[in-house]
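Asker:
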Amino acid sequence: MVVSVRSVQDVAIVTIENPPVNAISHAVRQGLLDAKQQIEADPAIKAGIIVCADRTFIAGADIREFNTPPKEPHLPDLVIALEGGKKPLVAAIHGTALGGGLEIALGCDYRIAINSAKLGLPEVNLGLIPGAGGTVRLTRLISAEPALDIMISGKPVSADRAKNLGLIDATCDDDLQNSAIAFANRIKDEPRPSQILTRMADYDRAALDKKLTAGAAKARGQNSPVAVCQAVRNAIEMSAHDALAAERKLFVELKSDPQSLALRHIFFAERATSKISAIKGVPAAPVNQIGIIGGGTMGAGIAAACLLAGFDVVMIERNDEALAQGMSRTKATLANSLKRGLITQAKHDRLIAAFTGSISYIALADADLVIEAVFEDMEIKKAVFDALDQACKADAIFATNTSYLDIDEIAQSTINPTRVIGLHFFSPAHIMKLLELVTTKTANPTAIATGVALGKRLGKITVPSGVCDGFIGNRIMSAYRRTCDYLIEDGALPADVDAAMRDFGFPMGIFEMQDLAGLDIAWAMRKRRAATRDPQERYVDIADTLCEMGRFGRKTGSGWYQYENGKATIDPTVTDLILQTSARNGITRASMTADEIMAQILATMRTEAAAILDEGIANSADDIDVVMVNGYGFPRWKGGPLFMALKP
Ligand code: 3HC
Ligand code: NAI
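Note that our numbering has the sequence shown beginning at 1, numbered continuously upward.
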């Protein structure tokens with residue numbers, strides 16, 4: 001029984017128990033409808049409470065059912081039935097009330113939530129809009145502007161904010177069920193509040209219009225934010241009946257929109273990445289203290305991420321000056337989190353107290369896990385791991401954040417290669433969601449399970465990868481960057497390629513991205529590899545020439561583009577260099593359309609991905625899609641390069 005009813009005196013308690021997140025499956029819809037009818041029919045019952053078992057209130061409609069024909073009772077009808085009952089209902093919320101979960105709560109007369117609860121309508125993240133009256137009821141309950149913010153961002157709000165907005169009626173510290181019973185006893189004999197649908201939405205027309213225009217403009221080719229804006233307009237301009245019907249129509253259309261199919265694909269793919277069969281049932285090692293070697297861009301960011309997740313962190317640098325710089329980078333990130341209200345002053349102070357630094361490896365004697373993020377140089381890294389061997393506990397786990405180096409070789413240089421893994425973070429490490437967990441040939445299951453557990457605790461999407469040059473993501477990126485070099489030698493210009501990528505949905509093109517990251521790092525790598533490069537392989541040396549000219553990107557004021565006050569402009573010097581290179585190599589340049597450019601980039605991604613799968617570097621095509629979407633700006637609403645190939 002996914003829905004059960006019991007009573008405490010004259011209050012009925014309807015409990016939903018549909019693990020793991022109490023999603024509204026057909027059985028839940030039917031169960032709730034039956035429960036409501038039971039309450040209505042029982043003269044001894046004066047009010048009802050809807051509460052959920054386990055970790056959360058209803059997290060939304062069951063997304064898995066979206067691919068099957070809809071079955072009655074439909075969710076919008078269920079909400080209307082709940083709303084139209086003769087006895088008052090109270091939704092008692094803990095965990096998250098999301099999507100259809102919040103819509104059910106909006107069908108109740110009252111909402112009470114535990115302080116830690118979050119409430120939201122995240123359908124936009126799945127390429128949808130709320131489809132069970134949420135767009136209309138939320139807009140009419142809390143006014144149009146905050147309702148639009150909640151629906152267009154897809155971000156849940158805290159119980160506190162929900163209370164201020166008038167979305168919920170009361171909060172409680174703990175013991176939600178008893179608080180809800182007490183609440184129900186208070187209101188059971190009072191006059192019922194007016195139904196939300198009978199109210200008129202409150203809004204400031206000018207401010208709302210501005211938000212609606214901005215919301216639609218920010219959609220960058222995505223359909224669901226535009227549909228959310230339309231639904232909010234409908235909610236204020238149409239009768240409730242018509243607005244509900246229009247919402248339903250939009251929802252049904254979006255459900256079969258390729259963008260929604262892609263977003264649902266990524267939703268499930270992201271949740272599958274860390275289910276690694278080799279570590280099924282293997283417990284992670286306990287981790288309290290984490291050592292970070294190197295306080296540069298990555299080390300400082302990883303330290304901040306670990307502190308924010310509640311770990312003690314010890315940073316090691318090569319001298320006092322570098323240590324002071326590294327620690328202040330991390331502290332600046334924490335200060336910024338405080339400034340933006342993401343953490344309280346008390347939490348900030350706790351994190352600072354949990355953060356220490358040293359230039360001696362002795363400080364790592366108690367570290368349970370060490371993450372190395374020093375210069376990308378095999379010999380320097382091996383020397384660091386040698387020092388770790390001497391200083392750390394025998395069961396400490398060692399990880400490297402290397403971007404390209406052979407982690408098997410690093411592992412083999414240590415006393416116990418089984419405890420070495422790769423943890424490849426992305427910059428900025430405290431923000432980027434992706435974490436590649438590189439499993440060496442020798443890594444033991446505990447080390448891998450500990451990497452997965454760390455990723456979960458840091459709130460990352462952890463994707464396992466085997467060892468190869470660049471692992472999954474950088475290997476694919478290197479391949480399509482090469483293709484883009486060919487494209488500019490063959491006839492396109494960097495601005496053409498960047499525009500094609502942006503139009504496709506990337507936040508920026510590959511040349512803009514290189515200018516942002518700095519051209520010097522990849523140049524150093526190419527120089528290192530020059531001796532071993534296959535002389536038969538096509539090689540475009542335009543980027544090398546730019547570096548020889550001192551054009552390292554934004555940080556030097558010029559790279560592929562010229563920068564003035566941070567604004568990129570096309571530089572005729574670079575255009576001439578490209579034209580001359582084509583001519584020198586006997587290439588007759590031919591112009592290309594954006595579609596032709598993207599077709600070549602996507603084809604390269606897929607070819608490299610196929611090789612990665614063949615070699616067993618990635619566990620699945622879905623994992624590759626997740627990497628490209630979360631680490632490389634591949635538009636989420638297209639589902640990733642491999643999903644696109646299957647479902648054009
Ligand atoms: N339907 C089906 N399964 C769902 C689900 C949903 N709405 N939400 C989560 N799940 C599944 C996950 O796939 C996962 O399954 P698995 O264990 O087999 O991998 C399991 O529940 C646990 O999910 P998470 O790993 O994400 O657990 P977390 O604790 O990290 O997060 C959560 C919980 C915040 C609820 C998160 O799962 C989430 O954001 N879920 C989606 C919420 C959502 O988008 N709701 C709107 C749905 S659309 C809708 O309601 C339409 C309506 O307007 C008509
Ligand atoms: P960085 O140059 O900003 O920082 C490296 C830090 O290591 C410096 O602060 C340096 O003082 C310190 N260091 C050098 N040798 C040391 C030693 N022996 N002991 C202690 N500290 C030492 O480099 P960045 O960008 O942080 O990269 C670090 C590693 O992370 C590299 O392996 C890089 O390939 C990898 N990486 C970099 C990414 C990026 O976007 N920058 C992304 C993912 C991985």
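C-beta: ideal position from N, C-alpha, C; glycine also.
Only a predicted model underlies this, so the values are computations on that prediction, with no experimental measurement involved.
Can you determine whether any heavy atom of the ligand MN sits closer than 8 angstroms to the C-beta of Asp625, and answer yes or no?
Answerer: No copy of the ligand MN appears in this structure; the ligands present are the ligand 3HC and the ligand NAI.
Asker: Excluding the five sequence neighbours on either side, which residues of its own chain have a C-beta within less than 7 angstroms of the C-beta of Pro286, listed in chain order?
Answerer: Sequence index remark: in the sequence shown, residue 286 carries index 286 (1-based). Contacts found: Asp368.
Asker: From the DSSP output, in three-state form, read off Asp649 for me.
Answerer: No statement about residue 649 is possible, as the shown extent of the chain runs from 1 to 648 and does not include it.
Asker: Buried or exposed for Gly48, please, with buried defined as at least 16 other CB atoms from any protein chain shown within 10 angstroms of its CB.
Answerer: As a first step, residue 48 must be located in the sequence shown, where it is residue number 48. By the 10 Å Cβ count, Gly48 comes out buried.
Asker: Roughly how many whole angstroms lie between the Cα atoms of Lys36 and Ala23?
Answerer: Here the question's residue 36 lines up with position 36 in the sequence shown. Here the question's residue 23 lines up with position 23 in the sequence shown. Computed Cα separation, rounded: 18 angstroms.
Asker: Below 8 angstroms on the Cβ atoms is my guess for Glu436 versus Gly473; work out the distance and round it to an integer in Å.
Answerer: Within the sequence shown, numbered from 1, the residue matching residue 436 stands at position 436. Within the sequence shown, numbered from 1, the residue matching residue 473 stands at position 473. About 6 angstroms; that satisfies the 8 angstroms criterion.
Asker: Contact between the region 321-336 and the region 357-366: three or more CB pairs below 8 angstroms?
Answerer: yes
Asker: Just how far apart, CA to CA, sit Leu33 and Cys52?
Answerer: The count along the sequence shown starts at 1 and reaches residue 33 at position 33. The count along the sequence shown starts at 1 and reaches residue 52 at position 52. The alpha-carbon atoms of Leu33 and Cys52 are separated by roughly 15 angstroms.
Asker: Just grab the DSSP bridge partners of Val14 for me.
Answerer: For the purposes of this step, residue 14 is taken as the residue at position 14 of the sequence shown. In the DSSP output, where bridge partners are listed per residue, Val14 has Val5 and Ile50.
Asker: So, with DSSP's three-state summary, where would you put Gln222?
Answerer: Taking the first residue of the sequence shown as position 1, residue 222 is located at position 222. The answer is coil: DSSP assigns Gln222 none of H, G, I, E or B.
Asker: If you reduce the DSSP assignment to three classes, tell me which class His424 lands in.
Answerer: Here residue 424 refers to the residue found at position 424 of the sequence shown. Here His424 sits in strand by DSSP.
Asker: Between which two residues does the alpha helix (DSSP H) carrying Ala23 extend?
Answerer: Numbered from its first residue, the sequence shown carries residue 23 at position 23. Where Ala23 is concerned, there is no enclosing alpha helix (DSSP H), given that its DSSP letter is neither H nor E.
Asker: Enumerate, from N- to C-terminal direction, the unbroken beta strand (DSSP E) stretches of 3 or more residues contained entirely within the region 98-150.
Answerer: 110-114 and 118-120
Asker: Since Glu372 sits in a beta bridge, which residues does DSSP pair it with?
Answerer: On the sequence shown, residue 372 is found 372 positions in, with the first residue counted as 1. Glu372 is bridged to Ile293 and Thr400.
Asker: How is Tyr361 classed by DSSP in three states: helix, strand or coil?
Answerer: Start at 1 with the first residue of the sequence shown, and residue 361 comes out as number 361. Three-state result, Tyr361: helix.
Asker: Put Ser274 into one of helix, strand or coil per three-state DSSP.
Answerer: Along the sequence shown, read from residue 1 onward, the residue named residue 274 stands at position 274. Looking at Ser274 - three-state DSSP - the assignment turns out to be coil, as it is neither helix nor strand.
Asker: Considering only the alpha carbon of each residue, which of Ala447, Met501, Thr556 and Ala59 lies closest to Ala278?
Answerer: Taking the sequence shown and counting its residues from 1, one reaches residue 278 at position 278. Among Ala447, Met501, Thr556 and Ala59, the Cα nearest to that of Ala278 is on Ala447.
Asker: Tell me the rounded alpha-carbon separation between Thr569 and Gln536.
Answerer: Within the sequence shown, residue 569 is the residue found at index 569, counting from 1. Within the sequence shown, residue 536 is the residue found at index 536, counting from 1. Cα-Cα distance, rounded: 35 angstroms.
Asker: For the beta strand (DSSP E) containing Val463, name the first residue and the last one.
Answerer: By one-based count along the sequence shown, residue 463 stands at place 463. First-last of the beta strand (DSSP E) with Val463: Ile461 to Ser465.
Asker: Taking the DSSP output, what are the residues bridged to Glu436?
Answerer: Counting from 1 along the sequence shown, the entry for residue 436 is found at position 436. Looking at the DSSP output, Glu436 shares a beta bridge with His424 and Val463.
Asker: Helix, strand or coil: which one does DSSP assign to Thr556?
Answerer: As a first step, residue 556 is located in the sequence shown; it is residue number 556 there, counting from the start. Residue state, collapsed to three classes: helix.
Asker: Could you spell out where the alpha helix (DSSP H) holding Ile63 opens and where it closes?
Answerer: Stepping through the sequence shown from its first residue, residue 63 is reached at position 63. It is not in any alpha helix (DSSP H) - Ile63 carries neither H nor E in the DSSP assignment.
Asker: Using DSSP's beta-bridge definition, name the partner residues of Ala91.
Answerer: Walking along the sequence shown from the start, residue 91 turns up at place 91. Ile50 and Arg111, per the DSSP bridge assignment.
Asker: If I measure Cβ to Cβ from Arg538 and keep anything under 7 angstroms in the same chain, skipping five residues before and after, which residues do I get?
Answerer: Translated into positions along the sequence shown, residue 538 becomes position 538. Cβ within range, chain order: Tyr486.
Asker: Based on DSSP bridge pairs, tell me the residues matched to Ser158.
Answerer: Working through the sequence shown from its first residue, we reach residue 158 at position 158. Answer is Lys118, bridged to Ser158.
Asker: Looking at the ligand 3HC, does it come within less than 8 angstroms of Thr96, judged from the CB to the closest heavy atom?
Answerer: Taking the sequence shown and counting its residues from 1, one reaches residue 96 at position 96. Yes; taking the cut-off as 8 angstroms, the Cβ of Thr96 has a heavy atom of the ligand 3HC nearer than that.
Asker: Who are the Cβ neighbours of Ala305 in its own chain at under 7 angstroms, not counting the five residues just before and after it?
Answerer: Working through the sequence shown from its first residue, we reach residue 305 at position 305. Result list for Ala305: Ala429, His430 and Leu458, in chain order.
Asker: Which same chain residues, not among the five before or five after Ile142, have their C-beta less than 7 angstroms away from its C-beta?
Answerer: For this step, residue 142 is matched to residue 142 along the sequence shown. Closer than 7 angstroms at the Cβ level, and outside the excluded window around Ile142, lie Leu165, Gly166 and Leu167.
Asker: Going by beta-carbon coordinates alone, are Leu78 and Arg29 separated by less than 9 angstroms?
Answerer: For the purposes of this step, residue 78 is taken as residue 78 along the sequence shown, with counting starting at 1. For the purposes of this step, residue 29 is taken as residue 29 along the sequence shown, with counting starting at 1. Yes, these two residues count as a Cβ contact at 9 angstroms.
Asker: Is Pro507 buried or exposed, if buried means 16 or more other CB atoms sit within 10 Å of its CB?
Answerer: Within the sequence shown, numbered from 1, the residue matching residue 507 stands at position 507. Under this definition Pro507 is an exposed residue.
Asker: Would you say the beta carbon of Leu405 comes nearer than 8 angstroms to a heavy atom of the ligand NAI?
Answerer: Position 405 of the sequence shown, counted from the start, is the residue given in the question as residue 405. Taking the Cβ of Leu405 as the reference point, at least one heavy atom of the ligand NAI falls within a distance shorter than 8 angstroms.
Asker: Can the beta-carbon of Leu642 be found less than 9 angstroms from the beta-carbon of Ala609?
Answerer: Translated into the one-based positions of the sequence shown, residue 642 becomes position 642. Translated into the one-based positions of the sequence shown, residue 609 becomes position 609. It is a contact, given that the beta carbons lie within the stated cut-off.
Asker: On the DSSP letters alone, give me the boundaries of the alpha helix (DSSP H) that Tyr486 sits inside.
Answerer: Residue mapping note: residue 486 aligns to position 486 of the sequence shown, counting from 1. Residues Gly473 to Asp490.
Asker: Which residue spans inside the region 578-640 form an unbroken alpha helix (DSSP H) run of at least 4?
Answerer: 594-614 and 621-631
Asker: Note down, in chain order, each residue of its chain lying with its Cβ closer than 7 angstroms to the Cβ of Asp469, except the 5 sequence neighbours on either side.
Answerer: Taking the first residue of the sequence shown as position 1, residue 469 is located at position 469. These residues qualify, in order along the chain: Tyr404 and Arg475.
Asker: Which residues does DSSP list as the beta-bridge partners of Phe355?
Answerer: Position 355 of the sequence shown, counting from 1, holds the residue named residue 355. According to DSSP, which records beta bridges pairwise, Phe355 is partnered with Val313.
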